[in-house]
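Peer 1: Just so it is clear: in the sequence shown, position 189 is 176 by this note's numbering, and no numbers are missing.
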Amino acid sequence: MSDAPRWRDAVVVTDDQGLEVLADAASVAIRSLKRTSPGPRSDWTPSAIHDLIGAIEICPDEGVALDAVLAQLGDAVWRHGVVPGDPACVAHLHPPTLVAAVVTELAIAAANQSMDSWDQSPAATEVELHLMDWLAGQIGLPPAASGVMTSGGTASNVLAMTLARSWAAAKVDVDVLKQGLPSEAARWRILCSDQAHFSVQRAAAQLGLGRDAVVTIATVASGAMDVAALDSELGRLADAGLQVIAVVATAGTTDLGAIDPLTEIAERAREAGAWLHVDAAVAGAFLLSERLRPRLAGIDLADSVTIDFHKLWWQPFNASALVVADVARFDLLRVKSNYLDRGDELEGMVNLVGRSLDTSRRFDAAKVVATLRTLGRRCLAEMVERVVDLSTYAGAALSARPEFELLAAPSSVTCVFDAPGVDADGLRRVQQRLLARGEMVLGRTEIKGRPALKFTFMNPLSTPGDVDQLITMVADELRAL
Ligand SMILES: Cc1ncc(COP(=O)(O)O)c(C=O)c1O
-12 MSDAPRWRDA VVVTDDQGLE VLADAASVAI RSLKRTSPGP RSDWTPSAIH
38 DLIGAIEICP DEGVALDAVL AQLGDAVWRH GVVPGDPACV AHLHPPTLVA
88 AVVTELAIAA ANQSMDSWDQ SPAATEVELH LMDWLAGQIG LPPAASGVMT
138 SGGTASNVLA MTLARSWAAA KVDVDVLKQG LPSEAARWRI LCSDQAHFSV
188 QRAAAQLGLG RDAVVTIATV ASGAMDVAAL DSELGRLADA GLQVIAVVAT
238 AGTTDLGAID PLTEIAERAR EAGAWLHVDA AVAGAFLLSE RLRPRLAGID
288 LADSVTIDFH KLWWQPFNAS ALVVADVARF DLLRVKSNYL DRGDELEGMV
338 NLVGRSLDTS RRFDAAKVVA TLRTLGRRCL AEMVERVVDL STYAGAALSA
388 RPEFELLAAP SSVTCVFDAP GVDADGLRRV QQRLLARGEM VLGRTEIKGR
438 PALKFTFMNP LSTPGDVDQL ITMVADELRA L
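And the structure:
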């Protein structure tokens, strides 16, 4: 065997020489990010981008220099990607990222701890547990609370519903992981508002309950769950002999940003003997702000809470958490394995695979902790308040113009509006033309059958002047229809 194989510098080695190789490559990768054109995306057509990417040889017989590969990533992919930090990138809950988190991503990848078992991530396991304890404390959950990182809000919500289902089965002495669903499951129902994220339906489908097991509750004009409608639905379900196993409240709906009345819903869930899950994927970051935190009153009454760090905590994908009020509830999920989680580990060794639907898993907690420690709570709170204020500003600015109508006053970082006299096709053309020209990535949605456009403000560097400009661009596009 040769002493110096040609892949020598391809493997991450953490001695001085290896780190120099890594730092040089990292600086090339960083330079590949330089923007070469304005706007939130290029004006290339889908087929032109398809052809450009299709021409890339995925695995040549002989490799290409990393510098060239990274340069191509810049010229082809970043250049024709979206720029979440552009003030006109306002369609989705898709944030620009923070320097502390991005550089920690590099360290996460290089150190490559795996969060399934303690022997693959000794200190990293403790970091994730420490972060989860901190988060549980911020939410106001009891000392027995803890959590686990997941890949996103969808995964966190599915995990919460998985626990709620197993908990409901355990109450009738059925181990659902072993025996499958009990016969009672045909009568089980999950309640959420008609504005809740579709992942609640997805969870019901995946868990074998079926989407029809999800009963949606009407919302008031703001998009928050209507408690009177919840009461009448609970009565109707009880009369029909159906059992509510979980109630999902949303703190920050995807479109209108509405926060359900958590305390009232918690009371109803408790009376019904149901698991209360709060999907705070969007507004969970309000916990950081003294001004916004009161809007989450009642979140501490939850059995489980979803928090998405890759939304208003500005983390690169993926970073979400599911926190449960009682860590013992994770036992409902635990599958023993001979090689990972044998149950005979040394004292103090936690194998997080016992809390997760994943096995191998990234150490995403590191970038979250790096961010929280670097910026501190006050700074992050200001950033969250800034984007909330931008959406309030946009709401007032749109309301002041006769060509627009708000569907609801903004509740968090979104602003949903339409244009009286313009039908769904007109709104579609406005959104698609701005996207095609690469001038704006504008949101388009539908609220209770009413088509609408949507701004989502995720960039704390954007200004009211940027918002005015977005409104003018949409107005100009409407006039050009
Ligand atoms: C309220 C809410 N919950 C869950 C999700 C799903 O999050 P993810 O895209 O991280 O899976 C979203 C996504 O926008 C959301 O708005």
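Ideal Cβ placement from N, Cα and C applies to all residues, glycine included.
(1) Extract the residue ranges of the alpha helix (DSSP H) inside the segment 165 to 208, only unbroken runs of 4 or more that lie entirely within it.
(2) Regarding residue 269 and ligand 2, is the C-beta to nearest heavy atom distance less than 7 Å?
(3) Within 8 Å of any Cβ in chain B, is that where the Cβ of residue 224 sits?
(4) Check for me: the beta strand (DSSP E) holding residue 134 runs from which residue to which?
(5) Using a threshold of 7 Å, is the CB atom of residue 266 nearer than that to any non-hydrogen atom of ligand 1?
(6) By the three-class DSSP mapping on this structure, what secondary structure does residue 212 have?
(7) Helix, strand or coil: how does DSSP classify residue 361 here?
(8) Let me check one thing: in DSSP terms, what residues is residue 441 bridge-paired to?
(9) Would you say the beta carbon of residue 430 comes nearer than 7 Å to a heavy atom of ligand 1?
(10) Could you work out which residue in 82, 432 and 427 is closest to residue 302 when comparing CA atoms only?
(11) Put residue 293 into one of helix, strand or coil per three-state DSSP.
(12) Who pairs with residue 76 in a beta bridge, going by DSSP?
(13) If I measure Cβ to Cβ from residue 373 and keep anything under 7 Å in the same chain, skipping five residues before and after, which residues do I get?
(14) Residue 140: beta carbon under 7 Å from a heavy atom of ligand 1?
(15) Tell me the DSSP bridge mates of residue 246?
(16) How many Å lie between residue 191 and residue 216 at the Cα?
(17) Taking the C-alpha atoms as reference points, what is the distance between residue 0 and residue 98?
(18) Give the DSSP bridge partners of residue 324, in chain order.
(19) Taking DSSP as the reference, what is the three-state secondary structure of residue 37?
(20) Please report the distance separating the alpha-carbon of residue 119 from that of residue 90.
(21) Can you tell which of 2, 42, 104 and 416 has its C-alpha closest to the C-alpha of residue 329?
(22) Closer than 7 Å by C-beta to residue 348: which residues in its own chain qualify, once you throw out the five before and the five after it? Chain order, please.
(23) I need the DSSP call for residue 302, collapsed to helix, strand or coil.
(24) Distance, Cα to Cα, residue 150 vs residue 319?
(25) May I ask whether a heavy atom of ligand 1 can be found less than 7 Å away from the beta carbon of residue 144?
(26) Count the other CB atoms, across all protein chains shown, that sit within 10 Å of the CB of residue 277; report buried if there are 16 or more and exposed otherwise.
(27) Are residue 143 and residue 293 closer than 8 Å when you measure CB to CB?
(28) Just the C-alpha distance for residue 479 and residue -7, rounded to the nearest angstrom, thanks.
(29) Could you compute how far the alpha carbon of residue 468 sits from the alpha carbon of residue 397?
(30) Is the number of C-beta pairs between the segment 33 to 40 and the segment 388 to 395 that are closer than 8 Å three or more?
(31) Once you ignore the five residues that flank residue 59 on each side, which residues in its own chain have a CB closer than 8 Å to its CB?
(32) Measure the C-alpha to C-alpha separation of residue 519 and residue 438 and round it to an integer number of angstroms.
(33) Quick one: using the 10 Å Cβ neighbour count with 16 as the cut-off for buried, is residue 92 buried or exposed?
(34) Between residue 80 and ligand 1, is there a pair consisting of the residue's CB and a ligand heavy atom that are separated by less than 7 Å?
(35) Across which residues does DSSP place residue 264 in a beta bridge pair?
(36) What residue from 111, 299 and 135 has the CA that sits closest to residue 122's CA?
Peer 2: For this structure:
(1) Counting only runs of 4 or more, we get 186 to 193.
(2) Of the ligands this structure carries, namely ligand 1, none is ligand 2.
(3) The question asks about chain B, but that chain is absent: this structure has only one protein chain.
(4) Membership of residue 134 in the beta strand (DSSP E) is indicated by the continuous run 133 to 137.
(5) Indeed, a heavy atom of ligand 1 lies less than 7 Å from the Cβ.
(6) Note: residue 212 maps to strand in three-state DSSP.
(7) Here residue 361 sits in helix by DSSP.
(8) In the DSSP output, where bridge partners are listed per residue, residue 441 has 403 and 430.
(9) Answer for residue 430: no, Cβ out of range of ligand 1.
(10) That would be 82, whose Cα lies nearest to the Cα of residue 302.
(11) The DSSP-derived three-state label of residue 293 is strand.
(12) DSSP links residue 76 through a beta bridge to 428.
(13) Correct list, in chain order: 447.
(14) It does: the Cβ of residue 140 is within 7 Å (strictly closer) of some heavy atom of ligand 1.
(15) Looking at the DSSP assignment, residue 246 forms a beta bridge with 238.
(16) Here the C-alpha atom of residue 191 lies approximately 22 Å from the C-alpha atom of residue 216.
(17) Looking at the two C-alpha atoms, the distance is approximately 10 Å.
(18) Residue pairing for residue 324: DSSP places it in a beta bridge opposite 328.
(19) Residue state, collapsed to three classes: helix.
(20) Rounded to the nearest angstrom, the gap between the Cα atoms of residue 119 and residue 90 is 22 Å.
(21) Nearest option by C-alpha distance: 104.
(22) Apart from the 5 residues on each side of it in sequence, residue 348 sits with its Cβ closer than 7 Å to the Cβ of 101, 102 and 103 in its chain, given in chain order.
(23) Looking at residue 302 - three-state DSSP - the assignment turns out to be coil, as it is neither helix nor strand.
(24) If you draw a straight line from the Cα of residue 150 to the Cα of residue 319, it is about 6 Å long.
(25) Remark: the C-beta of residue 144 is in contact range of ligand 1, defined as less than 7 Å to any heavy atom.
(26) Exposure of residue 277 is indicated by the presence of fewer than 16 other C-beta atoms within 10 angstroms of its C-beta.
(27) Contact flag set, yes.
(28) Residue 479 falls outside the range modelled here, since the chain spans only -12 to 468, and no answer is possible.
(29) Distance between the alpha carbons of residue 468 and residue 397 is about 27 Å.
(30) No contact exists between the segment 33 to 40 and the segment 388 to 395.
(31) Within the same chain, and ignoring the five residues on either side of residue 59 in sequence, the residues whose Cβ sits closer than 8 Å to its Cβ are 43.
(32) This structure leaves residue 519 out entirely; the chain is present only between -12 and 468.
(33) So residue 92 counts as buried.
(34) Here the distance from the Cβ of residue 80 to the nearest heavy atom of ligand 1 is below 7 Å.
(35) Residue 264 has 235 and 291 as its beta-bridge partners, per DSSP.
(36) Selected option, being the one with the closest Cα: 135.
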